[in-house]
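Trainee: The listed protein sequences correspond, in order, to chains H and L. Under my numbering, the first residue of the first sequence carries the number 1, and numbering increases by one thereafter. Under my numbering, the first residue of the second sequence carries the number 445, and numbering increases by one thereafter. In this text, a Cβ means the ideal position worked out from N, Cα and C, and glycines have one as well.
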Amino acid sequence: MYELLDALINGRLGLGWPGWAVALLGHVAVATLLFLVAPVQMLFFTYYERRAIARMQDRIGPNRVGPEGIWQPIADGVKMFTKEDIVPAAADRYVHLLAPIVVVAPTMFMFAVVPWGPGMVPVDLNVGLLFFFAISSISAVGLMMAGWASNNKFALLGAMRAVAQMVSYEIPAVLSLIAIVMLTGTLSVVQIVAAQGGLVISTADLPGVPDVGLGWFIFTPVGLLACLCFFIAALAEGERTPFDIPEADSEIVAGYMTEYSGMKFGLFYLAQYVLNFLLCAITAVVFCGGWQGPGVGWLAAQGLSPANPDGSWVFNLFAGMLGVFYFLAKTYFFFFVMIWARGAFPRLRVDQLMDFGWKFLIPLTLVNVVSAAVWVGITRWGPEEGLDFTAQWSPLLRWGVAFALTMAINVVAYLTLARLYAAAQAARGRVDLEELVGSVPTSA
Amino acid sequence: MAIERGNVIIVERGRRKERLPGSGLLEGMAVVWRHWQGSFRKNRSFSQIHGTFTLEYPEERPKLPEAYRNMPILLYDEETGHELCTSCFQCQRICPPQVIHMTQAKDPATGKPVPAVAEFVIEYDACMSCGFCAEVCPFDAIKMDHEFELSTADHGSLTVAKEQLNRPIGYYERIAPTMWAEVREQALKKLQGNIKRRPGVLGMAPNLAEKIAARLRELATTAPVEAAPTTPPGPSAPAGRLSPEEKAARLAAIRARNDAAPADAPPPPAPAGARDGHGEPAPSDVPPAVNPADAKAARLAAIRARNAARAQEQAPPEPPAPPASRARTDEPEG
Ligand code: SF4
Ligand code: SF4
Chain H
1 MYELLDALIN GRLGLGWPGW AVALLGHVAV ATLLFLVAPV QMLFFTYYER RAIARMQDRI
61 GPNRVGPEGI WQPIADGVKM FTKEDIVPAA ADRYVHLLAP IVVVAPTMFM FAVVPWGPGM
121 VPVDLNVGLL FFFAISSISA VGLMMAGWAS NNKFALLGAM RAVAQMVSYE IPAVLSLIAI
181 VMLTGTLSVV QIVAAQGGLV ISTADLPGVP DVGLGWFIFT PVGLLACLCF FIAALAEGER
241 TPFDIPEADS EIVAGYMTEY SGMKFGLFYL AQYVLNFLLC AITAVVFCGG WQGPGVGWLA
301 AQGLSPANPD GSWVFNLFAG MLGVFYFLAK TYFFFFVMIW ARGAFPRLRV DQLMDFGWKF
361 LIPLTLVNVV SAAVWVGITR WGPEEGLDFT AQWSPLLRWG VAFALTMAIN VVAYLTLARL
421 YAAAQAARGR VDLEELVGSV PTSA
Chain L
445 MAIERGNVII VERGRRKERL PGSGLLEGMA VVWRHWQGSF RKNRSFSQIH GTFTLEYPEE
505 RPKLPEAYRN MPILLYDEET GHELCTSCFQ CQRICPPQVI HMTQAKDPAT GKPVPAVAEF
565 VIEYDACMSC GFCAEVCPFD AIKMDHEFEL STADHGSLTV AKEQLNRPIG YYERIAPTMW
625 AEVREQALKK LQGNIKRRPG VLGMAPNLAE KIAARLRELA TTAPVEAAPT TPPGPSAPAG
685 RLSPEEKAAR LAAIRARNDA APADAPPPPA PAGARDGHGE PAPSDVPPAV NPADAKAARL
745 AAIRARNAAR AQEQAPPEPP APPASRARTD EPEG
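Right, dumping it as C-alpha cells:
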C-alpha cells in the first residue's frame, strides 16, 4: 500500500508529500477498509449460520427478506439499532458501557495481521501470530467487565465461565501453533503462508516439488493434529456450541450478555462473529495455506513486483482476486464445520470442558510439539547441528522417514491419551456416583 | 459423606464396545451431514426423516383434513333460503367459554317462539375452537370452518353476528364432503320439518334478499288463506307466554282426552304422550304393567281418543286451530 500510494502521490502527481504522511494515509485507508469488511463478514456469517443450521435441522431458515433472505441480517441490524438501551439501576454505568467496546476493539486489531491474498496484509509483523493471540485474550477482560458491571449473578457466572474457558483453551491453541512455528521457524503470518507452496509436500521440505500452492501443513501428521487441536480450542475460544458454556441459555440466560440490550448487545454479537471469522481465518491461514492455491503463485509471478518490473498489473489484480477467493473459501469452509459441530453436539458441562482441555488437549499438543521437533530434525538438520546419519539420505527419503515417524508418534499418543482420558472420566463418574448413592454396583 | 438427593437410578448400559476414540463424534457429525444433504429436497412424507419439512406458508397451503376445525359457522340451505338453526340453545349451553349468544325468533303476530334464530353472535376472540357446538347441534346447523387467517387489528370485528356466520350448505359440502354426506339426509329432513313451522320469512338467511322477496310475494298471493289464522281475535300475548286462548284450547284438549281415556281403554295412555315426540305432558307417569300387545292397543286407543277430542274441540267456533297445534309442539319453551 505504501509503495503504491508513494508512487501515485509523489511519483505520478508529484505532490512531494513526506513519507510519514503517505504512510498515514495508507494505513488509514486500509483500516477503514477493514472496519467496513469486518461487520459485513459478521452480517454474512449470521445469515450463513442460520441458513446452514436450518438445513441440518430439516428446515429452510430465513428466506423472506430479499432473494433467499440475504438481507435478513440487515433487517436484524435495523432491529438492533432501534431497540431500547437498558442499563440496570444497580449496574456500574461506566464499566457497563465500556465492556462491549473492550470486547470489540481487540477483534478489530486482530485483522491487522491476517493476510487476505498475496501481498495483501495490513501489517506484516514479524511476531504476527503472537500479536494475534495476545490481542485476542484482551477480550477476556471485556467479558469480565461486562459480567461484573451488570451486577447480575447470571452475568457474573457467565463471565467467570468465559474467562476460565478462554484462559484454559488459549494454551492448547498456542501450543498447536508452536508446532507450526517450529516447522517454519517464523512467527510472521505472511511467511507461514509462503512456506505452504508445493503439492502435498511443501517446497520447504522438498525443494523439487512443483509449486501449485498445495503444500499445506494439514497434509503432514504434525500439521493435521495441530489443526484438529487448534480448531477444537478455537471452538472454545469463540464460544461455539459444544463449548458455548459462558452463554448457555438454558442455564444462565445469556451469560455475560444478560443485562445488555440494543446496540450494546449488538456489539457483543459483532465481536463474537468477527472473532469466529478470525479464528476460522487463522486456521485457514496457518494450516491450510491461506490464499495459497493452484494458480495464485503463477499469477503473482507474472505480476508487477520489484523482482519482475516488466510484469503487468492485471496479473497482480487476478492473483489478488484468486487469493482472496481461496482464503475466503477456506474460511467459510471452517465456519461451516463450526456450524456442523453446533448441529451435531450438545453442550459440555463446565468440568467436562476443563477436563478435556487440561487432561487431553494440552498433553496431545505437547506431544505434537515433540513430533514437530522430530520433523524438523530429520528434514532440516545436518552435520552442522550434529545430526550425521541423515546426511546421505535423499530429501524424499528424509521426508518419508519424518512423515512415518511423526505419524507413529502422533497416533500412539492419541490412542494412549484417549484411553487414559476415558479411564479418568470413568473413574470420575464412579466417584460422582459414590457420592450420590454411597456404593456402586461392581458389575458396572 | 453421602449426599441425600432422593432416588438415584443407575442405568446399566453394558460394557462399551472398543472403538477408535473419537469415532462417536464422527458418527454424530455423519448423521447431521446426511440431514444437511437430504434437506435440499422437499419432504412431504412423514415416514421419512430426511428432507425439508417446512411448508412455505403463504405460497404453499396446507391441505387441511376434513375434520380440521377452526371457528364455528352457521349453515343455510341455498334452495329454500332457510337457516338450519332452530335456536335450540344446545350450543350456547355447551360452549365452555360461553361465547355463543342468541335470541330466538318470535312470530310477530302471536309473539310465540318459532324454531328459528333471530340473532346469533359468536365471540371469535374467545372461542377456543373446541368444536363442541358443532358436535352437540341436533340440526347440523353449526359447523367448524376451515378459514384460519383471522388475525386483525380490529378487536371488535371478532364479535361475529349471524350475517357473517352464515354460509351456504354447499360451502360446507366443499370443505368437508364426507362429513356432510353422513348427516345430509337427516339434516335436510329436519329442516323441512322446521320450515313448516316458520311463519312468513322467519328463519331465512338475511343475505338472500331476492329469495326473501320472492317468498314475500308468494305469501302475498296466498294472503287471504293465510291471513285468517294468523290474525286471531284479541291482542297477541307477551313474549314467551301462552295466550289465554291457547291455554284454554290446551286445557280443553287434555280434559277431553282424560275423559275419553277411561271409556276407551283401561290402561292409562301414559306412553302415548312420551312416545309421539310432541312433548305433550303425560297425564300419568305410571308405567303400565301389561304385555306389549296390550300396551300397543292401549296406545292406539289413546291416539284415537285424542283425535276425537281434538275434533270436538275444533268444532266450537274457536277459530285459531293452527296456533293450537303449534302451542303443543313448542311446549318446552312455553
Ligand atoms: S368451538 Fe367451542 S368455544 Fe368455540 S363457539 Fe363452539 S363450543 Fe364455543
Ligand atoms: S346452532 Fe344448532 S345447537 Fe345451536 S341453537 Fe342452532 S340448532 Fe341449536
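(1) Under the three-state reduction of DSSP, which class applies to methionine 473(L): helix, strand or coil?
(2) With 8 Å set as the bound, which would you pick, yes or no: does the beta-carbon of proline 506(L) sit closer than that to a beta-carbon of chain H?
(3) Excluding the 5 residues preceding and the 5 following arginine 457(L) in the sequence, name in chain order all residues of the same chain whose CB lies nearer than 8 Å to its CB.
(4) Quick one: grab the DSSP three-state call for asparagine 610(L).
(5) For a contact meaning CB atoms closer than 8 Å, what does alanine 418(H) contact in chain L?
(6) Can you name, in chain order, every residue of its own chain whose Cβ lies under 8 Å from the Cβ of glycine 621(L), other than the five neighbours on each side?
(7) Run down chain H in chain order and give the residues with a C-beta less than 8 Å from the C-beta of phenylalanine 497(L).
(8) Return the CA-CA distance between lysine 330(H) and valine 274(H), expressed in angstroms with no decimal places.
(9) By Cβ distance below 6 Å, which residues in the same chain neighbour asparagine 151(H) in space, the five residues on each side in sequence not counted?
(10) By DSSP, does glycine 723(L) sit in helix, in strand, or in coil?
(11) With DSSP run on the structure shown, which of helix, strand or coil describes tyrosine 568(L)?
(12) Hey, does serine 491(L) have any beta-carbon neighbour from chain H nearer than 8 Å?
(13) Going by the CB atoms, is the gap between threonine 496(L) and isoleucine 60(H) shorter than 8 Å?
(14) Alanine 112(H) and proline 122(H) look like a contact to me (Cβ under 8 Å); what is the Cβ gap, rounded to whole Å?
(15) Taking only beta carbons into account, state which residues of the stretch 333 to 345 of chain H come closer than 8 Å to chain L, listed in chain order.
(16) Does the contact criterion of 3 or more C-beta pairs under 8 Å hold for the stretch 359 to 366 of chain H versus the stretch 219 to 235 of chain H?
(17) Within the 8 Å Cβ cut-off, does arginine 349(H) reach chain L?
(18) Would you check if the distance between the CB atom of isoleucine 639(L) and the CB atom of histidine 545(L) is smaller than 8 Å?
(19) Look up glutamine 431(L) in the DSSP assignment and say whether it is helix, strand or coil.
(20) Taking the continuous alpha helix (DSSP H) assigned at methionine 648(L), which residues delimit it?
(21) Report the neighbours of leucine 415(H) on chain L: residues whose CB is nearer than 9 Å to its CB, in chain order.
(22) Please state whether the Cβ-Cβ distance between phenylalanine 327(H) and glycine 117(H) is less than 8 Å.
(23) Identify every run of the alpha helix (DSSP H) within the stretch 205 to 247 of chain H, keeping only runs that are complete inside it and at least 4 residues long; order them along the chain.
(24) Starting from serine 483(L), find everything on chain H with Cβ-Cβ shorter than 9 Å and list it in chain order.
(25) Quick one: is histidine 526(L) near chain H, going by C-beta distance under 8 Å?
(26) According to the neighbour-count rule (16 or more other Cβ atoms, all chains shown, within 10 Å of its Cβ), is lysine 633(L) buried or exposed?
(27) Can you tell me whether leucine 15(H) is helix, strand or coil according to DSSP?
(28) Which of the residues in the stretch 520 to 545 of chain L, read from start to end, lie with their CB under 9 Å from any CB of chain H?
(29) Considering only C-alpha positions, which residue in the set Gly238(H), Gly320(H) and Glu68(H) is nearest to serine 139(H)?
(30) Can you tell me whether valine 558(L) is helix, strand or coil according to DSSP?
(31) Return yes when the Cβ of valine 296(H) is within less than 8 Å of the Cβ of glycine 255(H), no when it is not.
(32) Would you say alanine 422(H) lies against chain C (beta-carbon separation less than 8 Å)?
(33) Which residue wins for smallest C-alpha separation from tyrosine 796(L), given the options Arg628(L), Asn487(L) and Gln534(L)?
(34) Taking the alpha-carbon of proline 73(H) as reference, which of Leu206(H), Val141(H) and Tyr269(H) has the nearest alpha-carbon?
(35) Can you find the residues in the same chain that come closer than 8 Å, C-beta to C-beta, to phenylalanine 576(L), ignoring five residues on each side of it along the sequence?
Mentor: On the basis of the supplied data:
(1) helix
(2) no
(3) none
(4) strand
(5) Pro465 and Gly466
(6) In the sequence as presented, glycine is not what sits at residue 621(L); that position holds proline. Closer than 8 Å at Cβ, skipping near neighbours: Glu510.
(7) Asp58 and Arg59
(8) 16 Å
(9) Ala90 and Ala91
(10) Because the pLDDT of glycine 723(L) is 41, which lies under 50, any placement of that residue in the model is unreliable, and the number read from its coordinates should be weighed accordingly. Glycine 723(L): coil per DSSP, three-state reduction.
(11) coil
(12) no
(13) yes
(14) 5 Å
(15) Trp340, Ala341, Gly343, Ala344 and Phe345
(16) yes
(17) no
(18) no
(19) Residue coverage of chain L in this structure runs from 445 to 778, which leaves residue 431(L) outside it and unanswerable.
(20) Methionine 648(L) -> no alpha helix (DSSP H), and no H or E assigned at all.
(21) Leu464 and Pro465
(22) yes
(23) 221 to 237
(24) Ala54, Arg55, Met56, Gln57, Asp58, Arg59 and Ile60
(25) no
(26) exposed
(27) coil
(28) none
(29) Gly238(H)
(30) strand
(31) no
(32) Any reference to chain C falls outside this structure, whose protein chains are H and L.
(33) One cannot answer for residue 796(L) here, as it falls past the ends of chain L, which runs 445 to 778.
(34) Tyr269(H)
(35) Cys535, Ile538, Cys539 and Pro540
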